[in-house]
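Chains as they are written, first to last, in the UniProt record's numbering: chain P, 1 to 320; chain X, 1 to 320; chain F, 1 to 320; chain R, 1 to 320.
Protein chains: 4
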Amino acid sequence: MTSDIWDAEARRTYSYLGPAGTFTEAALAQVPEARGQIWHSVRNVAEALADVTAGRSDAAMIAIENSVDGGVSTAQDALATVPGLRIVGEYLVPVSFVLVAKPGTRLEDVSLIAAHPVAYAQCLQWLGANLPAHAHVPAASNVASALGILDGTSDADAAIAPPGILDHHELELLAEDIGDNPNAVTRFVLVSKSAPPQSPTGADKTSLIVELPEDHPGALLDMLEQFATRGINLSLLASRPIGDELGRYRFVVDADGHVRDERMADALLGLRRFSPKVTFLGSYPRADRAIVRYPQRYSDDVFVEARDWLRGILSGEPEV
Amino acid sequence: MTSDIWDAEARRTYSYLGPAGTFTEAALAQVPEARGQIWHSVRNVAEALADVTAGRSDAAMIAIENSVDGGVSTAQDALATVPGLRIVGEYLVPVSFVLVAKPGTRLEDVSLIAAHPVAYAQCLQWLGANLPAHAHVPAASNVASALGILDGTSDADAAIAPPGILDHHELELLAEDIGDNPNAVTRFVLVSKSAPPQSPTGADKTSLIVELPEDHPGALLDMLEQFATRGINLSLLASRPIGDELGRYRFVVDADGHVRDERMADALLGLRRFSPKVTFLGSYPRADRAIVRYPQRYSDDVFVEARDWLRGILSGEPEV
Amino acid sequence: MTSDIWDAEARRTYSYLGPAGTFTEAALAQVPEARGQIWHSVRNVAEALADVTAGRSDAAMIAIENSVDGGVSTAQDALATVPGLRIVGEYLVPVSFVLVAKPGTRLEDVSLIAAHPVAYAQCLQWLGANLPAHAHVPAASNVASALGILDGTSDADAAIAPPGILDHHELELLAEDIGDNPNAVTRFVLVSKSAPPQSPTGADKTSLIVELPEDHPGALLDMLEQFATRGINLSLLASRPIGDELGRYRFVVDADGHVRDERMADALLGLRRFSPKVTFLGSYPRADRAIVRYPQRYSDDVFVEARDWLRGILSGEPEV
Amino acid sequence: MTSDIWDAEARRTYSYLGPAGTFTEAALAQVPEARGQIWHSVRNVAEALADVTAGRSDAAMIAIENSVDGGVSTAQDALATVPGLRIVGEYLVPVSFVLVAKPGTRLEDVSLIAAHPVAYAQCLQWLGANLPAHAHVPAASNVASALGILDGTSDADAAIAPPGILDHHELELLAEDIGDNPNAVTRFVLVSKSAPPQSPTGADKTSLIVELPEDHPGALLDMLEQFATRGINLSLLASRPIGDELGRYRFVVDADGHVRDERMADALLGLRRFSPKVTFLGSYPRADRAIVRYPQRYSDDVFVEARDWLRGILSGEPEV
């Protein structure tokens with residue numbers, strides 16, 4: 001995590017939302033290639049991506065979706081608007097929270113709670129049941145919430161933080177596992193500059209941003225059919241406002257499969273013809289390494305056979 | 001129409017449903033290339049197509065659809081099952097009918113009427129109004145119906161025939177224009193052996209036979225969507241039983257456009273992947289020479305642009 | 001089969017395509033209620049249906065589809081255009097054919113063959129293999145073909161007829177089972193005047209004629225979706241020209257289920273809204289008595305529950 | 001805005017995200033019926049809705065969508081999970097922001113910025129261009145951001161706030177109109193307890209929460225078709241995680257029209273049959289009062305005519 005100045009040239013740099021102890025850092029720790037490299041802590045997603053486009057970092061780890069709170073809209077919007085990026089990997093981090101306070105604090109003393117808004121949203125049930133009269137002070141990160149209590153910059157009585165916080169700081173543990181969903185998980189993506197897609201693994205995912213063509217009723221249906229008619233399942237479909245006026249959206253799409261799969265390439269061609277405003281964000285291995293299943297009639301050899309057949313027609317061969 | 005025996009080698013032969021005077025002969029007369037060539041009169045569609053596949057004829061003119069009676073099922077079935085054929089042209093013949101009899105016959109004497117079944121079906125209203133008590137004797141062609149009366153092989157009192165019959169034979173004209181639809185027209189196609197498609201003219205039609213995959217509910221919907229999602233209009237969709245059991249159909253499809261149009265080629269690829277049992281019958285100019293209209297987003301250049309875009313993705317270029 | 005003049009008032013009359021020995025008569029013999037009633041032989045479908053609309057008959061048996069030759073277009077067109085009719089039953093008759101001739105004839109003597117066109121179409125393979133040089137003389141019915149040979153009104157050498165012909169007439173049997181499909185079957189429907197539909201049996205079929213709205217691209221897709229989105233399978237979809245110009249079709253539809261099934265009633269409502277030109281021909285038990293299967297989510301109770309839910313919304317009840 | 005204690009019983013109470021000066025208060029000011037009533041400032045959406053369900057308030061005004069940042073996920077999730085609520089009105093508030101600080105501060109002194117996360121997201125471009133090295137401290141509301149600076153509970157150097165803040169507090173105006181989109185607007189809904197829907201106005205909107213049935217590929221397509229096949233346009237389609245595991249979503253839907261419109265009632269029935277997990281949030285007048293346009297074939301009288309037709313079929317009347 002420290003940079004050795006004498007061989008920085010030869011080492012790769014990874015930007016991530018810090019400080020040490022965040023879930024983003026835990027995601028980066030899952031990347032084998034990142035071990036022993038330079039980890040550059042930044043304060044927001046835009047900064048992380050700017051590091052990549054400016055060449056200051058080789059890749060950036062950003063949170064993209066949470067199983068409880070949903071898409072991380074700033075990350076989705078950044079990927080939709082910053083050109084020249086490519087997602088190269090996906091990582092899942094289980095999310096659990098503790099309630100911590102200055103040593104000596106008791107749960108019944110807690111009234112004001114510091115928490116990052118996304119973390120706060122994931123603990124609402126527990127808070128409603130155990131601290132119904134609390135108020136919320138938003139914090140900049142899941143670590144900053146606790147640090148503010150320790151250094152006195154926050155007048156909150158307690159903070160919501162990841163369990164790892166207890167390894168680094170002297171804090172009173174008021175409650176564990178206060179997240180409403182014991183299976184909560186956050187999905188991160190590793191983003192680099194544009195490059196040719198990695199080879200398919202059979203367990204791949206393709207990420208896209210699709211802006212629907214205007215004045216075309218039923219455009220969303222048409223877009224979804226580009227995938228459905230090629231046997232491609234979508235694992236994510238999120239709408240994001242384009243931002244110019246209410247009611248205009250772009251869609252964040254994760255589709256099962258790789259751009260080098262025939263059915264995906266064909267779907268992308270169909271999508272592009274349908275809407276010139278489609279952005280390819282990358283084809284990369286799924287975090288869970290689950291092999292993509294699809295009907296046999298969408299396999300590569302079916303596509304190849306159809307092309308051979310068409311070629312025969314054009315050359316005038318009789319069909320058999 | 002007679003063959004000069006000494007240069008038969010150098011001339012082309014066209015088979016058609018005769019004898020002279022049929023609507024099929026009128027269709028063949030519309031083919032500029034057929035003038036001065038050998039016209040071979042046959043007795044049924046199967047014989048005409050067999051002439052082509054055996055090499056005895058260069059092409060065969062066959063009736064394929066009537067505006068009143070619908071698809072000519074024997075012709076459709078023959079095209080669906082005889083391999084190695086290709087439709088190369090389409091011709092329309094206005095259809096009108098007269099009621100004729102032996103000289104001296106009066107309309108009130110008519111009880112038994114000879115008529116080709118398709119012609120008979122087109123005159124039902126007139127017959128119901130003018131000869132409600134008639135009976136029908138099917139005839140092998142629109143000319144044979146009248147000839148049988150003249151040569152005594154039929155005991156019918158009158159015959160339904162094309163108006164041209166009066167030019168060749170001594171017959172009593174009992175009624176004119178007895179067809180129920182004054183705009184009736186029969187569509188013919190000229191069929192040759194498999195060959196590369198002619199160049200697109202912008203006013204083309206593509207004919208196909210599609211057998212739906214089994215055990216695939218909604219297969220017809222899927223089939224139609226292959227065309228709809230590429231902006232291709234169908235001018236004909238007829239179901240024909242496959243013949244092995246009730247409830248199993250193949251479809252006769254005429255689609256606007258040419259196999260060398262990008263959108264049509266893409267639809268055919270989709271169709272072939274969807275059902276390996278698709279037969280290409282040909283891309284050829286429409287009889288009416290009407291230019292095919294389609295939404296701009298299905299034009300050739302949109303397909304080319306999408307392929308360029310995909311190529312850029314695969315090579316790792318940043319999108320602009 | 002003869003009418004007792006003194007109690008004709010009390011008996012029912014059934015019209016059918018005769019004479020005795022036709023497949024239509026065999027279909028009528030399957031109707032328990034028709035036994036001992038008056039059977040009225042007619043010469044064509046129009047006459048049979050006119051008997052019903054005029055009140056001369058209580059019902060008419062007509063052939064509607066053949067597993068080899070397809071829809072009987074005259075019957076389909078008559079049902080589409082004659083108002084006030086209702087299909088009340090469906091019957092299947094296995095179809096097989098024999099080749100018969102005057103006593104003493106041998107197969108090798110046969111050159112000209114009399115056959116009803118539909119029967120002829122079903123024997124083409126056998127004829128091609130065994131009598132390749134034959135010619136065809138159309139006959140008015142499967143019985144008339146043979147009678148013409150016996151009484152000399154036809155100069156055909158042999159006739160295609162149902163096997164039962166041998167029970168009634170002195171004929172030489174030249175070949176048996178000459179039909180190309182050993183499982184060939186013809187489907188008949190019994191037609192009465194308009195009346196409330198019979199009770200559902202769980203094994204029902206609903207017949208419709210649908211004319212697509214004009215100037216509505218994709219209308220056929222929309223029509224099919226009315227059924228697909230209610231889990232209704234179609235056992236028949238046949239296109240028939242409307243007759244006014246080439247390229248305009250109506251569709252003959254047989255759908256699994258009964259108009260008193262919720263999903264069917266809902267589909268009919270959707271269909272009617274989509275096209276005012278939809279004609280209900282009847283809901284009646286399937287000939288094969290096969291229980292209609294459909295996804296649980298289209299069962300009657302799901303429809304009832306949804307209506308209850310909507311009623312609750314309108315009354316302002318909180319949802320549970 | 002003050003409560004007269006002696007007639008509180010007779011007056012209505014409205015909960016809103018305070019304190020005075022928030023955009024939510026501006027939305028509430030648009031409600032004619034709320035004038036002169038009790039306005040109850042709360043600290044978060046959950047508290048506002050709890051006031052309604054517990055009967056402490058008659059209605060709550062909550063922000064539901066922002067033209068730049070998208071759906072307000074906590075509000076959407078609350079509406080999806082808290083039973084017994086109904087949306088009764090929609091209000092739009094133009095959104096613009098100023099950057100303020102303690103008197104005497106200069107723009108070049110600013111490093112740490114307090115801002116509500118939604119406001120922060122809407123000023124990213126301005127901040128990137130003018131204060132690229134800033135850090136963000138989330139605030140609980142657009143007013144709290146500035147108040148924290150004044151009362152010393154926040155150590156931020158500047159705050160993002162609505163322009164109205166300057167009317168109430170002594171602050172230095174560092175920059176105006178710092179929002180990235182000059183047309184930014186936030187959409188609010190007024191929520192009451194369940195009650196019968198108000199009468200249609202012709203310019204209505206219906207809000208729904210739809211959870212797709214599991215193990216049903218293409219379920220989203222099916223859901224969208226429920227609307228498309230009734231000519232209903234969607235003005236909002238947002239996905240929200242259900243929260244139990246990654247990849248499971250519910251959808252927030254705003255559809256043009258009123259539950260008392262025939263086409264909408266029919267779509268809701270279809271939707272309910274398709275997924276029992278559909279929640280009706282309300283039919284209410286659109287904020288912009290724009291009359292809903294739809295194809296004539298989905299008008300109420302078409303639905304009524306179809307029902308009459310079906311009734312005729314069931315009673316056995318001949319069709320005309």
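In this text, a Cβ means the ideal position worked out from N, Cα and C, and glycines have one as well.
Taking a Cβ-Cβ threshold of 9 Å, none of the residues of chain P is close to Thr53/R; the smallest such distance is about 13 Å.
Listed by position along chain X, the residues whose Cβ is nearer than 9 Å to that of His136/F are Arg43, Asn44, Ala140. For Arg248/R, the number of other beta carbons within 10 angstroms of its own is below 16, and it is reported as exposed. When secondary structure is reduced to three states using DSSP, Tyr294/X falls in the coil class, being assigned neither helix nor strand. The Cβ atoms of Ala156/X and Asn142/X do not sit closer than 8 Å to each other. In this structure, the straight-line span from the alpha carbon of Arg230/X to that of Ile62/R is close to 44 Å. Neighbours of Thr153/R in chain P, taken as residues at a C-beta separation under 9 Å, are given in chain order as Val137, Ser154, Asp155.
Nearest neighbour of Glu262/X by Cα position, chosen from Leu281/X, Phe227/X, Asp288/X, turns out to be Phe227/X. The three-state secondary structure of Phe280/F, taken from DSSP, is strand.
Shown in chain order are the members of the segment 162–195 of chain P whose Cβ falls below 7 Å from a Cβ of chain R: Asn181, Asn183, Val185, Arg187.
Scanning His169/R, Gln296/R, Leu85/R for the CA closest to the CA of Ala50/R turns up Leu85/R. Take the alpha-carbon of Leu269/R and the one of Asn233/R: they are about 17 Å apart.
When the Cα atoms are used, Ser275/R and Asp222/R turn out to be separated by approximately 10 Å. Using a Cβ-Cβ distance cut-off of 8 Å, the segment 193–206 of chain X and the segment 118–136 of chain X are not in contact, since fewer than three pairs of beta carbons, one from each stretch, lie closer than that value. Among the bridge pairs identified by DSSP, Val191/F is matched with Ala60/F, Ile87/F.
Within the same chain, Glu262 come within 8 Å of Val304/P by CB-CB distance, once the 5 residues on both sides are set aside.
For Glu262/R, no chain P residue has a C-beta closer than 9 Å to its own C-beta; the minimum C-beta separation is roughly 20 Å. Proximity of chain X to Ile149/P at the Cβ level (cut-off 9 Å) is not reached, the minimal Cβ distance being about 44 Å. For Ile38/R, the closest alpha carbon among the candidates Ala46/R, Leu28/R, Glu47/R is that of Leu28/R. Taking 8 Å as the threshold, the shortest C-beta distance from Arg11/P to chain X does not fall below it. Residue burial annotation: Ala139/R is buried, with at least 16 other C-beta atoms found within 10 angstroms of its C-beta. For the pair Ser207/R and Pro241/R, the Cα-to-Cα distance works out to about 18 Å.
Of all residues in the segment 201–213 of chain P, none is placed with a Cβ closer than 8 Å to any Cβ belonging to chain R. In this chain, the alpha helix (DSSP H) harbouring Thr81/R covers 73–81. Within chain F, the residues whose beta carbon sits less than 7 Å from that of Ser239/X are Leu237, Ala238, Ser239, listed in sequence order. Contact check between the segment 41–56 of chain F and the segment 17–31 of chain F: three or more CB pairs, one atom from each, fall below 8 Å, which counts as touching.
The beta-carbon separation of Ala265/R and Leu310/F, rounded to 6 Å, stays under the 8 Å limit for a contact. Within the same chain, Cβ atoms closer than 6 Å to the Cβ of Tyr91/P are found at Ala27, Gln30, Phe188, Ala287, the five residues on either side in sequence being excluded. Distance check between Gly55/F and each of Ala78/F, Gly89/F, Val110/F, Thr13/F places Thr13/F closest, using alpha-carbon atoms only. Around the Cβ of Glu47/P, a 10 Å sphere holds 16 or more other Cβ atoms; the residue is buried. Think of a sphere of 8 Å around the beta carbon of Gly247/P: the chain R residues whose beta carbon falls inside it are Ser235, Leu236, in chain order. Sequence-distant Cβ neighbours of Tyr298/P in its own chain, meaning closer than 7 Å and more than five residues away, are Arg230, Gly231, Arg263. From the beta-carbon of Phe303/F, the residues of chain R found nearer than 7 Å are Arg273. From the beta-carbon of Gly36/F, no residue of chain R is found nearer than 8 Å; the closest lies around 26 Å away. Bounds of the beta strand (DSSP E) holding Phe251/F are 249–256. Runs of the alpha helix (DSSP H) lying entirely within the segment 88–130 of chain P and spanning at least 4 residues, in chain order: 117–121, 124–130.
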